[in-house]
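For the sequence shown, position 88 matches number 798 in the working numbering, and the numbering has no gaps at all.
Think of the CB as a built atom: it goes at the ideal place given N, C-alpha and C, for glycine as much as any other residue.
What follows is a short report on a single structure.
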Amino acid sequence: MSDDDRTHGVTFEDFDPEDVDYPISTADLREEHGDVTLDMQGEETTLGEVLAGYDDELQDVEALREAVMTMLPDDAVGREDYSDRGTEEGSGQEADEESL
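Here you go:
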């Protein structure tokens with residue numbers, strides 16, 4: 711698994727989204743790759759389960775990743791509104807006052 715296989719805390723196990731022939735409908739994607747395991751910080755689900763109810767044509771890898779992130783439950787990708795990046799120097803915002 712490369713670092714590119716992990717997106718926002720979600721790992722595509724034994725699956726490279728780059729290998730999919732795009733564009734592809736989510737129905738066809740679920741049929742062809744629905745059993746692919748997604749690891750979400752220790753919890754697992756399948757690509758088919760995540761994309762159930764999502765009906766769209768995916769144009770590229772980024773569209774697939776966005777669809778997965780959209781359909782995951784809120785707790786699947788870590789703490790909401792959390793960033794470990796800190797504040798930018800000279801941004802005029804203190805860490806405690808940073809607006810989201």
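query: Among Q769, G752, A762, which residue has its Cα nearest to the Cα of D731?
result: Q769
field: Three-state secondary structure assigned by DSSP to L782
entry: coil
- prompt: With burial defined as no fewer than 16 other Cβ atoms inside 10 Å of the residue's Cβ, what is the status of P727: buried or exposed?
  reply: buried
message: Which of the three DSSP states is assigned to V720 in this structure?
response: strand
- request: List in chain order: all unbroken beta strand (DSSP E) runs of 3+ residues lying wholly within the region 720–779.
  value: 720–722, 747–750, 753–756
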